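Each remark here refers to the structure printed beneath this line.
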Amino acid sequence: MEQSARNEIEAVYHQLLDAWNNRSAGSIAELFTKEGEQIGFDEKFSQTRAFSRELENFG
Numbered sequence: 506m507e508q509s510a511r512n513e514i515e516a517v518y519h520q521l522l523d524a525w526n527n528r529s530a531g532s533i534a535e536l537f538t539k540e541g542e543q544i545g546f547d548e549k550f551s552q553t554r555a556f557s558r559e560l561e562n563f564g
C-alpha cells in the first residue's frame with residue numbers, strides 16, 4: 506500500500522473516532538459513501554444507505 510493511501514485511510518479513521526466520541530451521527534454518516542457496505546465491530550452487516558438512515562434516527 507502506498508503511503509499516501511495509508512495516510513488517507515488513517516485520516517478517515519481518526520475522523521470516525523472523533524465523530525463517535527462527539528456523538529455526531531451526521532458526521533459519521535458523512536464519512537460513508539452512498540453505495541457500499543459496512544461491517545461493524547459486532548459483525549453486523551448493513552448497506553451504507555440503511556446505516557445512514559439508522560444514524561439519522563439515532564442523532
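Here the numbering used here is used: position 54 in the sequence shown is 559, and no number is missing along the way.
Each residue gets a CB set at the ideal place from its N, CA and C atoms; glycine is no exception.
A quick note: this is a predicted structure, and the numbers were derived from the prediction, not measured.
Close Cβ partners of residue i (< 7 Å) along its chain, the five nearest in sequence each way excluded
i: Leu522; result: none
Cα-Cα separation, residue i to residue j
i: Ala530; j: Phe537; result: 11 Å
i: Gln552; j: Ile544; result: 9 Å
i: Val517; j: Trp525; result: 12 Å
i: His519; j: Phe546; result: 16 Å
i: Ser509; j: Glu535; result: 21 Å
i: Lys539; j: Ser532; result: 14 Å
i: Glu542; j: Met506; result: 22 Å
i: Glu515; j: Arg528; result: 20 Å
Test: residue i CB closer than 8 Å to a CB of chain D
i: Thr538; result: Looking for chain D here will not work: only one protein chain is present.
Sequence-distant residues of the same chain with beta carbon closer than 6 Å to residue i, five excluded per side
i: Phe550; result: Ile544
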